[in-house]
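Q: One structure coming up, written as structure tokens, with questions to follow.
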Amino acid sequence: MQRLSWSPGRWLMVGLLAMMCAGAVVLYQPACTPRDEREQRFFACRIAWECTFDALSAACGAGLLTRDIRDGYSPAGRWVLWTLGELGALLYLTTAVQLARRFPQTYAGLPSGTAASAAASGGAKDRNARPAIPTRPLRAAWIGVAAGAFVLMQLLLTLGVYAAGRFICPQVNLAETAWLVGVAFASLGFVPQPVEAGTAAMLAAVGWVSALGWTVWLCLLPPLARRVVVIRGVLLLAAVYTLYLLAAGGLICVLETPRAAGQTSGFRVQGSVEPRTAAKVLHDEPSVGGRARRSLVLAVCAASAGIPTEPLQDPGVRDGTKAVLAGLLLVGGLGGSVTGGVRFLALLSAMLFALRFAARPNARALRSLGTAATTTNAATSGSSEAGARSVDWMAQLGARLLLLLLGLTLATALGLLVIENLTASRFQPAPSFADALLDGASAVCGGNLSGGVTAAVTGRNLVRGLGLGLDQYQAGMLWLMLAVLAGRLLPLWLLGQEARAPAPSMSHSESPE
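If you're matching positions, the sequence shown starts at 4 in our numbering and goes up one per residue.
Now the structure itself:
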């Protein structure tokens, strides 16, 4: 009997589709989606589509829901969505670690025992010298370590937030705290709107910890972390990522400076935006400090948890702000997190490679450097050359990931604009490209930041009988579901393809002949 051998990406796809089907069946029950007899009679098909879409969105960590999380679902339904998101995040994390086990060259720059000993001995010849990367892939046990770190860190954050909340307000509920922390930590995106200032700050803190990833969390246990990463380098990367979030928050604060009355941008879907009195928009904040604080919270929540802490569908939100938020979603968190996007390290690698290529015309020569050494410091020079080729390979991989997700985001945005143009009523203002770009980035990279286009192409006003065609909402739902699934699967598929290719830094022997 032939053994069934599938790649981790295929198992991830099967798992996500299975969770979508099971979640749709459970969410369709009246105990999860409250509805009256009339709604059940006339909108049963619509409710089934909504449950299917929301189940897939939750399992993939996108957070774009067709039903309001507060009024459209009962507490049981919200916990079902939460469970789907947590299981999907764990499945995604374990799949990524399984793929990482297949190509140790992704950990370029980590010292191996032979290379380090050769360097320490003054560059003596060593026929077993290897480039400055691990000589063995990750053990299978590290899959359990990553999953355990994810669960343990979320549990610790839940208890910490609950203890702090009880100190401030004795009426804090443990179940509600666990639900909110889980939504932010697993980058699910859906929280009841509007978000209060204290809750938004808590979500930003939890999301920031989540975006750092399990490789940074392991630094709390140095003996364990040294077996996988260089602690100093990982902490430096975490610090640079934090500065990047601070810069993004400052840019949003500058873009949302108060403007003259009557200047607005964007569009409004009828019934999709709360009145301005319910949540003051960002550019109406009178103080610079308050606007900077809210901008920073918005940037951190967008990049890490995919949660909107401001009413982004308000017509006063600038298109530049929406473009920045789409970029934050596209980048995502660090490598060991469950957020979507290309990952911050891949972006830095691509940027550094582009700068090096522009500054040095002979940068391509790094690909043809020989690894055999002929001098007394052969092992040291061979390690440095192999390390340079590994960095070059990582930069190319980061560029491919960036182009892949950027192309998916642009294609999704253009598709949403086409569908909205075909299904919208004549009285509905047209969305801007920034609105569609924000929705496309949320679908592909995982987030619940929407400029209103998702509500426009999946709204109930597109159901048959209202003179707008036969269930036109299905086109928008299908397009977004394909984008959500592709954004979760294709990056890992690309990593799987690279794992099958020979390692560029280990394709030649490092020992002299």
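Just so you know, even glycine gets a beta-carbon here, dropped at the ideal spot from N, CA and C.
What is the DSSP secondary structure of residue 342, counted as helix, strand or coil?
A: Residue 342 sits at position 339 when you count from the first residue of the sequence shown. Here residue 342 sits in coil by DSSP.
Q: Could you have a look at residue 424 and say whether DSSP puts it in helix, strand or coil?
A: Here residue 424 refers to the residue found at position 421 of the sequence shown. In the displayed model, residue 424 falls within a helix according to three-state DSSP.
Q: Are the CB atoms of residue 447 and residue 415 within a distance shorter than 8 Å?
A: Within the sequence shown, numbered from 1, the residue matching residue 415 stands at position 412. Within the sequence shown, numbered from 1, the residue matching residue 447 stands at position 444. Their beta carbons are under 8 Å apart, which means residue 415 touches residue 447 by this criterion.
Q: Quick check on the burial criterion: 16 or more other C-beta atoms within 10 angstroms. Buried or exposed for residue 398?
A: For the purposes of this step, residue 398 is taken as the residue at position 395 of the sequence shown. Within a 10 Å sphere around the beta-carbon of residue 398 sit 16 or more other beta-carbons, which makes this residue buried.
Q: From residue 333 to residue 422, what does the alpha carbon distance come to, in whole angstroms?
A: Residue mapping note: residue 333 aligns to position 330 of the sequence shown, counting from 1. Residue mapping note: residue 422 aligns to position 419 of the sequence shown, counting from 1. Approximately 23 Å between the Cα atoms of the pair.
Q: When you compare only the Cα positions, how much space is there between residue 205 and residue 437?
A: Against the sequence shown, residue 205 aligns to sequence position 202. Against the sequence shown, residue 437 aligns to sequence position 434. Distance between the alpha carbons of residue 205 and residue 437: 28 Å.
Q: Short check: CB of residue 298 to CB of residue 285, under 8 Å?
A: Position 295 of the sequence shown holds residue 298. Position 282 of the sequence shown holds residue 285. The answer is yes: Cβ separation under 8 Å.
Q: Does the Cβ-Cβ distance between residue 220 and residue 152 come in under 8 Å?
A: Start at 1 with the first residue of the sequence shown, and residue 220 comes out as number 217. Start at 1 with the first residue of the sequence shown, and residue 152 comes out as number 149. Yes, the pair counts as a contact, with Cβ atoms nearer than the cut-off.
Q: Buried or exposed for residue 40, going by 16 or more other Cβ atoms inside 10 Å?
A: The sequence position of residue 40 within the sequence shown is 37, counting from 1. When all chains shown are included, residue 40 counts as exposed.
Q: How long is the line joining the alpha carbons of residue 180 and residue 80, rounded to whole angstroms?
A: For the purposes of this step, residue 180 is taken as residue 177 along the sequence shown, with counting starting at 1. For the purposes of this step, residue 80 is taken as residue 77 along the sequence shown, with counting starting at 1. One C-alpha to the other measures close to 17 Å.
Q: Kindly list the residues whose CB is nearer than 7 Å to the CB of residue 73, restricted to its own chain and excluding five residues on each side of it in sequence; keep chain order.
A: For this step, residue 73 is matched to residue 70 along the sequence shown. Listed in chain order, the non-local C-beta contacts of residue 73 below 7 Å within the same chain comprise 195, local neighbours out to five positions each way being set aside.
Q: Between the alpha carbons of residue 350 and residue 95, how many angstroms are there, rounded?
A: Along the sequence shown, one-based indexing puts residue 350 at 347. Along the sequence shown, one-based indexing puts residue 95 at 92. Taking the straight line joining both Cα atoms gives about 20 Å.
Q: What did DSSP end up calling residue 290 once you bin it into helix, strand or coil?
A: Locating residue 290 in the sequence shown gives position 287, counting from the first residue. Reduced to three states, the DSSP call for residue 290 is coil.
Q: Straight-line CA distance for residue 98 to residue 208?
A: Position 95 of the sequence shown, counting from 1, holds the residue named residue 98. Position 205 of the sequence shown, counting from 1, holds the residue named residue 208. Residue 98 and residue 208: Cα-Cα distance of roughly 26 Å.
Q: Leaving aside the five residues before and after residue 470 along the sequence, list all residues of the same chain whose C-beta is less than 7 Å from its C-beta, in chain order.
A: To locate residue 470, count along the sequence shown from 1; it is residue 467. Any reading at residue 470 needs caution, since the residue's pLDDT is 43, under 50, leaving its predicted position unreliable; the model's value is listed next. Counting only Cβ-Cβ distances below 7 Å, and skipping sequence neighbours, we find nothing.
Q: In the structure shown, what three-state DSSP assignment does residue 100 receive?
A: The count along the sequence shown starts at 1 and reaches residue 100 at position 97. If DSSP states are grouped into helix, strand and coil, residue 100 belongs with the helices.
Q: Would you call residue 328 buried or exposed, if buried means 16 or more other Cβ atoms sit within 10 Å of its Cβ?
A: Counted from its first residue, the sequence shown places residue 328 at position 325. So residue 328 counts as buried.
Q: Are the Cβ atoms of residue 91 and residue 66 separated by less than 8 Å?
A: Within the sequence shown, residue 91 is the residue found at index 88, counting from 1. Within the sequence shown, residue 66 is the residue found at index 63, counting from 1. Not closer than 8 Å, so no.
Q: Please identify the residue among 484, 501, 493 and 312 whose C-alpha is closest to the C-alpha of residue 62.
A: If you number the sequence shown from 1, residue 62 lands on position 59. Relative to the Cα of residue 62, the nearest Cα in the group 484, 501, 493 and 312 belongs to 484.
Q: Going by beta carbon distance, what residues of the same chain come within less than 7 Å of residue 188, once the five residues before and after it are set aside?
A: For the purposes of this step, residue 188 is taken as the residue at position 185 of the sequence shown. The beta carbon of residue 188 sits closer than 7 Å to those of 157, 160, 209 and 213, all from its chain and outside the five residues before and after it, given in chain order.
Q: Using the C-alpha atoms, what's the distance from residue 22 back to residue 413?
A: Walking along the sequence shown from the start, residue 413 turns up at place 410. Walking along the sequence shown from the start, residue 22 turns up at place 19. Approximately 27 Å, taken between the alpha carbons.
Q: Any beta carbon of chain C sitting closer than 8 Å to that of residue 78?
A: Of the protein chains in the structure, only one exists, and it is not chain C.
Q: With a Cβ-Cβ cutoff of 8 Å, do residue 48 and residue 27 count as a contact?
A: On the sequence shown, position 45 is the one that residue 48 refers to. On the sequence shown, position 24 is the one that residue 27 refers to. No, they are not a contact pair.
Q: Between the beta-carbon of residue 336 and the beta-carbon of residue 216, is there less than 8 Å?
A: Here residue 336 corresponds to residue number 333 of the sequence shown, with the count starting at 1. Here residue 216 corresponds to residue number 213 of the sequence shown, with the count starting at 1. Contact flag set, yes.
Q: Helix, strand or coil, according to DSSP, for residue 448 in the structure here?
A: Within the sequence shown, residue 448 is the residue found at index 445, counting from 1. In the structure shown, residue 448 sits in a helix (DSSP, three-state: H, G or I).
Q: Among 77, 13 and 18, which has the Cα closest to the Cα of residue 31?
A: The residue you call residue 31 lines up with position 28 of the sequence shown. Of the candidates 77, 13 and 18, the one whose C-alpha sits nearest the C-alpha of residue 31 is 77.
Q: Looking at residue 56 and residue 354, is the spacing between their C-beta atoms short of 8 Å?
A: Position 351 of the sequence shown holds residue 354. Position 53 of the sequence shown holds residue 56. No, they are not a contact pair.
Q: Report yes if the CB atom of residue 343 is closer than 8 Å to the CB atom of residue 490, and no otherwise.
A: Position 340 of the sequence shown, counted from the first residue, corresponds to residue 343. Position 487 of the sequence shown, counted from the first residue, corresponds to residue 490. Their beta carbons are under 8 Å apart, which means residue 343 touches residue 490 by this criterion.
Q: Does the distance from the C-beta atom of residue 102 to that of residue 58 stay below 8 Å?
A: Here residue 102 refers to the residue found at position 99 of the sequence shown. Here residue 58 refers to the residue found at position 55 of the sequence shown. No, Cβ-Cβ distance for residue 102 and residue 58 is not below 8 Å.
Q: If you draw a straight line from the C-alpha of residue 449 to the C-alpha of residue 29, how long is it?
A: Against the sequence shown, residue 449 aligns to sequence position 446. Against the sequence shown, residue 29 aligns to sequence position 26. One C-alpha to the other measures close to 23 Å.
Q: Do you know how far the Cα of residue 476 is from the Cα of residue 17?
A: Taking the sequence shown and counting its residues from 1, the one referred to as residue 17 is at position 14. Taking the sequence shown and counting its residues from 1, the one referred to as residue 476 is at position 473. Each residue's alpha carbon lies about 26 Å from the other.
Q: To which residues of the same chain is residue 252 closer than 6 Å at the C-beta, ignoring the five residues directly before and after it?
A: Here the question's residue 252 lines up with position 249 in the sequence shown. So the qualifying residues of the chain are 298, 299 and 302.
Q: Are the beta-carbon atoms of residue 347 and residue 247 separated by less than 8 Å?
A: Position 344 of the sequence shown, counted from the start, is the residue given in the question as residue 347. Position 244 of the sequence shown, counted from the start, is the residue given in the question as residue 247. In this structure, residue 247 lies closer than 8 Å to residue 347 by Cβ.
Q: State yes or no: is the C-beta of residue 85 within less than 8 Å of the C-beta of residue 182?
A: For this step, residue 85 is matched to residue 82 along the sequence shown. For this step, residue 182 is matched to residue 179 along the sequence shown. Result yes, Cβ atoms of residue 85 and residue 182 sit closer than 8 Å.
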